[in-house]
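Visitor: Quick one: this structure, given as structure tokens, is what I'll be asking you about.
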Amino acid sequence: PRLFYITLAIFTVLLAYEKTPKRLWIWLFFVNIYPFIVAALLYGGVFGLEVVETHKWGGLLVTLIIALVGIVVSLPIGVALALGRRSDMPIIRSICTIYIEVWRGVPLITVLFMASVMLPLFLAEGSETDKLIRALIGVVMFSAAYMAEVVRGGLQAIPKGQYEAADALGLSYWKKTGLIILPQALKITIPSIVNTFIGLFKD
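The sequence shown begins at 23 in the numbering used here and counts up one residue at a time.
In structure tokens form, the structure reads like this:
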């Protein structure tokens, strides 16, 4: 845990400082590779470390893990849900809308209770899933619904002229969304995204 806290503090400082050299590469490493290294070190069984089952983890460590995983994983899922809710395809739009409204109507404590206590009762006898994994999945699915509404607000704030300009250039839907619409929407929603992340960490 000490190594986890130290490396997390180092990455936080490096990413917070705008003039850090190769800041983008550090961010990509932090998001894509660092979690797997941390998981291997915390669980043990490598480099001569003793195996520590997740049910023995606790305190600040579990809070940070759940918050970080929820933050990193829920953002892309939320973006996909927001785009799906604004889709022209009725089926996709309906599925995304139902998902968002259902999860936003359920308290987080209920989600965690269902994931840790109720879900094992519905699994086949002899099958068992790690309690921490179940909690992580529940938090991600819960947070993604709120993130989707934040991103959707940013998409609605984009002037209609931006869409028309992209169409006039002959861009495909994915190029229009990825190169023009989504970057502007995410920039607009940065304060709301940060507030959502802070709320998730506090919860």
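Here a beta-carbon is modelled for each residue, glycine too, at the ideal position from N, C-alpha and C. From a predicted model like this one, the values you see are computed outputs, not experimental measurements.
1. Run through DSSP, which three-state label would Glu40 get?
2. How would you write the range of the alpha helix (DSSP H) that Leu193 sits in, first residue to last?
3. Give me the Cβ distance between Phe223 and Ala89, rounded to the nearest whole Å; I'm assuming they're in contact under 8 Å.
4. Rounding to the nearest angstrom, what Cα-Cα distance links Ile48 and Leu97 in this structure?
5. Which of helix, strand or coil does DSSP assign to Thr211?
6. Classify Phe135 as buried or exposed, calling it buried when 16 or more other Cβ atoms lie within 10 Å of its own Cβ.
7. Can you tell me which of Thr211, Ile93 and Pro112 puts its alpha carbon nearest to the alpha carbon of Arg174?
8. Look at Leu50 and Val91 and say whether their C-beta atoms are less than 7 Å apart.
9. Would you mind giving the Cβ-Cβ distance between Arg126 and Ala167, rounded to the nearest angstrom? I have them listed as a contact below 8 Å.
10. Check this for me: beta carbons of Val161 and Ile215, under 7 Å apart or not?
11. Specify, as a first and last residue, the run of the alpha helix (DSSP H) that Ala166 falls within.
12. Could you compute how far the alpha carbon of Asp225 sits from the alpha carbon of Glu75?
13. Going along the chain, which residues of its own chain have a beta-carbon closer than 7 Å to the beta-carbon of Ala102, five neighbours each way excluded?
14. Within 10 angstroms of the Cβ of Met169, are there 16 or more other Cβ atoms? Answer buried if so, exposed if not.
15. Following the continuous alpha helix (DSSP H) through Ile55, name the residue where it begins and the one where it ends.
16. Helix or strand or just coil, what does DSSP make of Ser109?
17. Comparing alpha-carbon positions, which option in Leu36, Pro205, Ala137 and Phe58 lies nearest Gly176?
18. Within 10 angstroms of its Cβ, does Thr199 collect 16 or more other Cβ (buried), or is it exposed?
Guide: For this structure:
1. Sequence index remark: in the sequence shown, residue 40 carries index 18 (1-based). Glu40: coil per DSSP, three-state reduction.
2. In the sequence shown, the residue the question calls residue 193 occupies position 171. Note, Leu193: premise wrong, no alpha helix (DSSP H); not H, not E.
3. Here the question's residue 223 lines up with position 201 in the sequence shown. Here the question's residue 89 lines up with position 67 in the sequence shown. At roughly 4 Å, the Cβ-Cβ gap stays under 8 Å, so Phe223 and Ala89 are in contact.
4. Here residue 48 corresponds to residue number 26 of the sequence shown, with the count starting at 1. Here residue 97 corresponds to residue number 75 of the sequence shown, with the count starting at 1. Each residue's alpha carbon lies about 19 Å from the other.
5. Here residue 211 refers to the residue found at position 189 of the sequence shown. Residue state, collapsed to three classes: coil.
6. On the sequence shown, residue 135 is found 113 positions in, with the first residue counted as 1. Exposed, because fewer than 16 other Cβ atoms sit within 10 Å of the Cβ of Phe135.
7. Sequence index remark: in the sequence shown, residue 174 carries index 152 (1-based). Of all alpha-carbon atoms in Thr211, Ile93 and Pro112, the one lying nearest the alpha-carbon of Arg174 is that of Thr211.
8. In the sequence shown, the residue the question calls residue 50 occupies position 28. In the sequence shown, the residue the question calls residue 91 occupies position 69. Against a cut-off of 7 Å, the Cβ pair of Val91 and Leu50 comes out as no contact.
9. If you number the sequence shown from 1, residue 126 lands on position 104. If you number the sequence shown from 1, residue 167 lands on position 145. Correct: roughly 5 Å between the Cβ atoms.
10. Residue numbering aside, residue 161 sits at position 139 when the sequence shown is read from its first letter. Residue numbering aside, residue 215 sits at position 193 when the sequence shown is read from its first letter. Taking 7 Å as the Cβ cut-off, Val161 and Ile215 do not qualify as a contacting pair.
11. Taking the sequence shown and counting its residues from 1, one reaches residue 166 at position 144. Annotation: the continuous alpha helix (DSSP H) that includes Ala166 extends over Lys153 to Ala179.
12. Within the sequence shown, residue 225 is the residue found at index 203, counting from 1. Within the sequence shown, residue 75 is the residue found at index 53, counting from 1. For Asp225 and Glu75, the gap between their C-alpha atoms comes out near 24 Å.
13. Here residue 102 refers to the residue found at position 80 of the sequence shown. For Ala102, where only same-chain residues beyond five positions count, there are no Cβ hits under 7 Å.
14. The residue labelled residue 169 in the question sits at position 147 within the sequence shown. Of the other Cβ atoms in all chains shown, 16 or more fall within 10 Å of the Cβ of Met169; this residue is therefore buried.
15. For the purposes of this step, residue 55 is taken as the residue at position 33 of the sequence shown. No alpha helix (DSSP H) holds Ile55; DSSP gives it neither H nor E.
16. Residue numbering aside, residue 109 sits at position 87 when the sequence shown is read from its first letter. Three-state DSSP puts Ser109 in coil, outside helix and strand.
17. The count along the sequence shown starts at 1 and reaches residue 176 at position 154. Comparing alpha-carbon positions, the option among Leu36, Pro205, Ala137 and Phe58 lying closest to Gly176 turns out to be Pro205.
18. The residue given as residue 199 occupies position 177 in the sequence shown. Buried, by the Cβ-count rule.
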